[in-house]
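Numbering (the numbering used here), first residue to last: 96 to 528.
For each residue, glycine too, the CB sits at the ideal point set by N, CA and C.
Here is the structure we will look at, set down as structure tokens.
In structure tokens, the structure reads:
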């Protein structure tokens with residue numbers, strides 16, 4: 096497998112399922128600012144040659160994604176302090192559930208709308224479930240299919256797809272099942288296909304929707320129908336994946352004693368609380384949703400900021416010896432070292448490996464003291480410095496990989512290298528263009 100393909104597969108397997116946040120969407124002005132930063136950074140950048148290895152793409156991808164997580168978290172903090180008020184930023188409200196096993200919560204509203212006394216009760220009666228089509232159990236080594244070319248239609252409530260497959264004389268039941276499993280998974284249409292086994296060692300192809308629940312005007316989330324020719328009908332009868340094994344079900348829960356349902360296990364309440372149902376409430380017990388105390392919320396926000404910093408430091412150590420991780424570590428550690436004494440005085444202690452450990456009791460005392468404004472000022476300086484480094488790393492993660500300098504450009508007499516960042520994009524896209 097080529098290095099470029101390896102980078103692409105690494106990204107898909109490591110980060111594609113991590114999801115996005117509302118801070119991954121941007122206004123035109125923000126996108127324009129990113130473009131201008133790319134032009135500025137690369138206008139006088141030297142020419143160099145990169146020795147692409149298996150770790151090169153992974154290192155750049157990891158830097159890019161860790162930088163994105165830093166930027167997104169800091170954006171979430173700054174969203175609560177449009178006037179750059181450091182105390183407001185770290186006072187971002189954090190919701191909590193008294194029963195995390197049954198339901199978790201995230202506060203997505205504005206601090207200005209938050210009321211610490213606001214709380215409500217949730218009882219989870221039933222989780223939303225997906226649709227499952229589980230086929231016939233077949234002996235893996237046997238050959239129950241007639242060689243030939245076959246097809247079937249797969250319909251969802253939004254689109255229709257046609258899948259074609261060929262069965263050769265060498266195919267066994269298992270190779271046919273795996274062939275169709277790959278077809279469905281590679282199509283990326285919101286379905287997951289797997290092979291399941293019974294106690295007799297037989298395999299069945301199981302197809303599960305990523306979507307859950309069923310609205311009143313829907314009869315299914317997906318429908319599988321063989322092509323009208325006799326061969327495709329016979330092959331589908333052998334596979335058995337056209338029959339619904341488990342119908343999708345909506346979630347059922349009580350909010351302050353009133354019954355509600357949802358198509359998903361994740362939903363919002365009053366556009367402020369994002370609830371995720373995890374399991375039916377044990378014994379019908381009620382979970383109370385409310386806010387953490389202000390000092391606890393501040394400590395958690397600082398801990399989260401330190402966590403995203405420490406993750407980048409750990410990334411540098413993970414690639415020690417194989418890439419220029421020393422430059423990455425130096426850039427990140429320089430942020431903490433710039434405020435070493437101030438951070439230490441409020442409980443943020445810089446460790447020998449460059450990471451930060453928090454003394455929570457000292458931090459709590461610092462942010463609740465009469466002169467807490469100075470402590471918040473220190474935290475804000477650290478936050479802003481970390482954001483600048485993360486933005487630089489996000490714009491050009493290739494600057495941290497091993498490379499050989501070829502020549503410096505003539506300073507001040509160059510065309511803007513607006514597409515320099517395509518070096519990063521090319522790690523995954525060159526062979527697909």
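Which of helix, strand or coil DSSP assigns to residue 99: A caution first: residue 99 carries a pLDDT of 47, below 50, which makes its placement in the model too unreliable to give a value.
Buried or exposed (CB count within 10 angstroms, at least 16 for buried), residue 524: Caution applies to residue 524, whose pLDDT of 47 falls short of 50 and renders its modelled position unreliable; the model cannot decide the point.
Distance, residue 281 Cα to residue 530 Cα: Only positions 96 to 528 of the chain appear in the structure, and residue 530 is not among them; the question remains open.
With 16 other Cβ atoms within 10 Å as the buried cut-off, status of residue 178: With a pLDDT of 49 at residue 178, under the threshold of 50, the modelled position of this residue cannot be trusted; read the value that follows with caution. Under this definition residue 178 is an exposed residue.
Distance CB(residue 299)-CB(residue 229) smaller than 7 Å: yes
Neighbourhood of residue 338 by C-beta, 7 Å cutoff - its chain only, sequence neighbours within 5 removed: 228
For residue 382: DSSP bridge partner residues: 217
Closest by C-alpha distance to residue 289, when choosing among 303, 296, 347: 303
Residue 229 - partner residues in DSSP beta bridges: 301
Reduced DSSP category for residue 331 - H, G, I as helix; E, B as strand; rest coil: helix
4 or more residues per run - each alpha helix (DSSP H) lying fully within the region 451 to 495: 455 to 463, 467 to 490
Inter-residue Cα distance where the pair is residue 301 and residue 291: 7 Å
Endpoints, alpha helix (DSSP H) assigned at residue 156: 149 to 173
Straight-line gap, residue 468 to residue 190 (C-alpha atoms, nearest Å): 24 Å
Nearest to residue 404 (by Cα), restricted to the options 465, 345, 479: 479
Unbroken beta strand (DSSP E) run spanning residue 243, endpoints: 243 to 251
Backbone CA spacing between residue 163 and residue 171 [nearest angstrom]: 12 Å
Alpha-carbon to alpha-carbon, residue 201 and residue 493: 35 Å
Short Cβ contact (7 Å threshold) for residue 423 with residue 495: yes
Backbone CA spacing between residue 440 and residue 459 [nearest angstrom]: 12 Å
Alpha-carbon to alpha-carbon, residue 316 and residue 225: 8 Å
Close-in-space but distant-in-sequence residues of the same chain around residue 350 (CB under 8 Å, 5 per side omitted): 215, 216, 217, 364
Bridge partners - residue 140, DSSP secondary structure assignment: Residue 140 pairs with nothing; no bridge assigned.
Within 7 Å, strictly: CB atoms of residue 348 and residue 160: no
Beta-bridge partners of residue 447, as assigned by DSSP: DSSP, once it has assigned bridges, lists no residue as partnering residue 447.
Residues near residue 173 in its chain [Cβ-Cβ closer than 7 Å; skip 5 each side]: 184
Whole-angstrom C-beta distance between residue 457 and residue 451, which should lie under 8 Å: Not really, about 13 Å apart at Cβ, beyond 8 Å.
Where residue 526 falls: helix, strand or coil (DSSP): Any reading at residue 526 is ruled out, since the residue's pLDDT is 41, under 50, leaving its predicted position unreliable.
Contact set for residue 387: own chain, Cβ-Cβ below 6 Å, skip 5 residues either direction: 189, 191
Span of the alpha helix (DSSP H) around residue 392: 389 to 413
Reference residue 371; option with closest CA among 158, 193, 198, 268: 198
Neighbour-count burial assignment, residue 427, 16 or more Cβ in a 10 Å radius: buried
Proximity below 7 Å, CB of residue 239 to CB of residue 283: no
Cα-Cα separation between residue 421 and residue 463, rounded to whole angstroms: 37 Å
Stretch pair the region 311 to 325 + the region 249 to 259: three plus CB contacts closer than 8 Å: yes
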